[in-house]
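Taking full-length UniProt numbering, the leading residue of the sequence shown gets 1, the next gets one more, and so forth.
Positions of the beta carbon are idealized from the N, C-alpha and C atoms, including for glycine.
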Amino acid sequence: MSLPSVQLKQPNNVITCKAAVAWGPGKPLVIEEVDVSPPQPSEIRIKIVCTSLCRSDLTAWESQAIFPRIFGHEATGIVESVGQEVTEFTEGDHVLTVFTGECGTCRQCISGKSNLCQVLGLERRGVMHSDKGTRFAISGKPIYHYCAVSSFSEYTVVHSGCAVKINPIVPLDKVCLLSCGVAAGLGAAWNVADISKGSSVVIFGLGTVGLSVAQGAKLRGASAIIGVDTNPEKEEKAKAFGITEFINPNDSKEPVQQVIKHLTGGGADYAFECIGDTGMVTTALQACCDGWGLTVTLGVPKVKPEVSAHYGIFLTGRTLKGSLFGGWKPKSDLPSLVDMFIKKEIQVDEYITHNLSFKDINKAFDLMREGKCLRCVMHMEK
Ligand SMILES: NC(=O)c1ccc[n+]([C@@H]2O[C@H](COP(=O)([O-])OP(=O)(O)OC[C@H]3O[C@@H](n4cnc5c(N)ncnc54)[C@H](O)[C@@H]3O)[C@@H](O)[C@H]2O)c1
Ligand SMILES: [Zn+2]
Ligand SMILES: [Zn+2]
Numbered sequence: 001m002s003l004p005s006v007q008l009k010q011p012n013n014v015i016t017c018k019a020a021v022a023w024g025p026g027k028p029l030v031i032e033e034v035d036v037s038p039p040q041p042s043e044i045r046i047k048i049v050c051t052s053l054c055r056s057d058l059t060a061w062e063s064q065a066i067f068p069r070i071f072g073h074e075a076t077g078i079v080e081s082v083g084q085e086v087t088e089f090t091e092g093d094h095v096l097t098v099f100t101g102e103c104g105t106c107r108q109c110i111s112g113k114s115n116l117c118q119v120l121g122l123e124r125r126g127v128m129h130s131d132k133g134t135r136f137a138i139s140g141k142p143i144y145h146y147c148a149v150s151s152f153s154e155y156t157v158v159h160s161g162c163a164v165k166i167n168p169i170v171p172l173d174k175v176c177l178l179s180c181g182v183a184a185g186l187g188a189a190w191n192v193a194d195i196s197k198g199s200s201v202v203i204f205g206l207g208t209v210g211l212s213v214a215q216g217a218k219l220r221g222a223s224a225i226i227g228v229d230t231n232p233e234k235e236e237k238a239k240a241f242g243i244t245e246f247i248n249p250n251d252s253k254e255p256v257q258q259v260i261k262h263l264t265g266g267g268a269d270y271a272f273e274c275i276g277d278t279g280m281v282t283t284a285l286q287a288c289c290d291g292w293g294l295t296v297t298l299g300v301p302k303v304k305p306e307v308s309a310h311y312g313i314f315l316t317g318r319t320l321k322g323s324l325f326g327g328w329k330p331k332s333d334l335p336s337l338v339d340m341f342i343k344k345e346i347q348v349d350e351y352i353t354h355n356l357s358f359k360d361i362n363k364a365f366d367l368m369r370e371g372k373c374l375r376c377v378m379h380m381e382k
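(1) Going by Cα to Cα distance, which pick from Gly276, Asp269 and Lys239 is closest to Gly299?
(2) Here's a check: name, in chain order, each residue in its chain whose Cβ is nearer than 7 angstroms to the Cβ of Thr282, leaving out the five neighbours to either side.
(3) Could you name the residues that DSSP lists as bridge partners for Glu236?
(4) Could you spell out the range, first to last residue, of the alpha helix (DSSP H) harbouring Leu219?
(5) For Val149 versus Ala75, is the C-beta spacing smaller than 8 angstroms?
(6) Under 8 angstroms, do Thr264 and Pro301 count as touching if we go by C-beta distance?
(7) Could you check if Val79 is buried or exposed, using at least 16 other CB atoms within 10 Å of its CB as the buried criterion?
(8) At the level of alpha carbons, what is the spacing between Ile169 and Leu334?
(9) Classify Asp35 as helix, strand or coil using the three-state DSSP reduction.
(10) For Phe246, report the span of its alpha helix (DSSP H) as first-last.
(11) Using 7 angstroms as the cut-off, classify the Cβ of Ser56 as near or not near the heavy atoms of ligand 3, replying yes or no.
(12) Just reading off the beta strand (DSSP E) that His94 is part of, what are its end residues?
(13) Does the Cβ-Cβ distance between Val21 and Ile143 come in under 8 angstroms?
(14) Between Gln40 and ligand 5, is the CB less than 7 angstroms from at least one heavy atom?
(15) Since Val170 is in the beta strand (DSSP E), which residue starts that stretch and which ends it?
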C-alpha cells in the first residue's frame with residue numbers, strides 16, 4: 001500500500017474585513033467590508049496591526065486615476081497565512097511591509113549598487129506584481145492596490161519579497177515608521193549622500209522624511225543643518241531633530257538659495273528635496289556649492305514631474321541624485337535598522353505626533369493636508 005503524499009495545507013479562505021476604500025481622487029475614504037483573497041504562490045496574507053500615513057499616499061490619492069483603491073504602505077503586521085512556495089515566513093511572524101521589495105536575484109538586487117529591484121520594485125498600476133490581479137474585492141468587483149502593499153485594511157496580501165520579518169520584541173506601533181518615511185530619510189543621508197563629518201546640509205521640507213534626513217545628518221556629525229519650510233510651526237520640532245538654522249522662505253527678502261549661500265560660505269555640501277516640488281529641486285541645486293555640491297531628491301511630485309536646471313550647474317561639478325527608500329535593500333538592510341531602534345541609536349517614536357483608531361483615518365489625511373502632523377499612526381481594532 002502506498003502512503004498518501006504529504007500535502008502542506010494552504011489557505012483557501014477569503015477573509016472579509018474592514019478597509020478604508022478611496023472611491024475617487026480626493027474623496028474621503030469610506031470604511032467598507034472587503035473580501036481579501038488567500039495569498040497566491042509566493043505571497044503572504046498579513047493582519048495589519050498599525051499603519052501610518054505618508055505624504056506619498058496623500059499625493060497619490062489626490063492626483064492619480066486608479067480607483068477604487070486601498071492606499072497605505074507604511075505598516076506593521078502579523079503573518080496570518082502563507083501561500084505556496086513561501087518558506088521564509090510562517091503564521092505569527094511580525095513583519096514590516098515595504099513598497100519596494102527585494103527579490104534577491106535580479107540584476108539590480110545582485111548589483112550591490114542599487115535597491116531598485118526589477119521584479120518587486122515600485123508597483124504603479126494598482127495590482128500585484130505576480131499576476132497583475134487584485135486580492136481585494138467588494139461584491140466581486142476588484143479594488144485596486146497601492147504600491148502592492150495597501151495597508152489601510154485589516155488584512156492585506158503582499159508578495160513575500162515585499163515584507164521583512166522583524167524581531168517580535170519591537171513595538172509594532174512605533175517601527176511602522178521604518179517601513180517608509182524614517183528609513184527613507186536616514187538612508188538618503190547615509191547611503192545615498194553619505195554625509196561626511198563637519199559638512200553643511202540643507203533640507204527643503206521638514207516633514208518626517210526631511211527631519212529623518214536631519215537626524216541622519218546629525219548622527220554623521222554635520223556642522224550645519226539648515227531646514228527650509230514654509231510652515232512656521234515646523235521650526236521648534238525641527239530643532240529637536242538637529243536642525244541648526246530654520247529658514248521660512250516667506251519671511252526672507254532674498255531668494256532662499258542666496259540666504260543659504262551666505263550661511264554656508266558659497267553653497268551647501270549637500271541639499272535634500274523632501275517636499276515633492278520639482279521647482280524646489282532647482283532651488284536645491286542652486287543652493288549647493290560648486291565642485292562637489294550634491295542634491296538628493298526624495299519628494300514625489302503631484303504635478304510637473306520635469307526638473308529644470310541650467311546646464312552650467314552640472315558643468316561646475318554639482319550632482320543630482322534620486323533616492324527611493326533611502327537606498328535600503330529592505331530584506332538585507334532593515335533588520336539592522338530595527339536593531340538600531342532597539343539599541344536607542346535612532347529616534348523613531350519622536351516623529352509620531354498623533355495616534356488614531358483606524359476608523360478615524362480621514363482625520364489623519366486632514367491633519368497632513370493642514371500641516372498639523374508629522375506621522376499619524378492608525379491602530380487596528382484588536
Ligand atoms: N523617496 C522616497 O523614498 C520617499 C519616501 C517617503 C516619502 N517620500 C516623499 O517625500 C516627501 C515628504 O514626505 P513627508 O511624509 O515628510 O511629507 P510632509 O507633508 O509631512 O512634509 C513636507 C513638508 O514640506 C513643507 N513644504 C511644502 N511646500 C513647501 C515649499 N514650497 N517650501 C518649503 N517647504 C514646503 C511642508 O510644510 C511640510 O513640512 C513627499 O513628497 C513624499 O511623497 C519619498
Ligand atoms: Zn530584485
Ligand atoms: Zn511613504
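According to the structure data:
(1) With respect to the C-alpha of Gly299, the residue from Gly276, Asp269 and Lys239 having the closest C-alpha is Gly276.
(2) Listed in chain order, the non-local C-beta contacts of Thr282 below 7 angstroms within the same chain comprise Val307, Ser308 and Ala309, local neighbours out to five positions each way being set aside.
(3) Looking at the DSSP assignment, Glu236 forms no beta bridge with any residue, so it has no partner.
(4) Bounds of the alpha helix (DSSP H) holding Leu219 are Thr208 to Leu219.
(5) Contact annotation: Val149 and Ala75 have beta-carbon atoms nearer than 8 angstroms.
(6) No, they are not a contact pair.
(7) Val79 counts as buried, since no fewer than 16 other beta carbons sit within 10 angstroms of its beta carbon.
(8) Straight-line Cα distance between these residues: approximately 15 angstroms.
(9) Here Asp35 sits in strand by DSSP.
(10) Taken as a continuous stretch (DSSP letters only), Phe246 belongs to no alpha helix (DSSP H), being part of the beta strand (DSSP E) at Glu245 to Ile247.
(11) At least one heavy atom of ligand 3 is nearer than 7 angstroms to the Cβ of Ser56, so yes.
(12) His94 to Thr97 is the extent of the beta strand (DSSP E) around His94.
(13) Yes; because the gap between Cβ atoms is below 8 angstroms, this pair is in contact.
(14) Ligand 5 is absent from the structure shown, which contains only ligand 1, ligand 2 and ligand 3.
(15) No beta strand (DSSP E) holds Val170; DSSP gives it neither H nor E.
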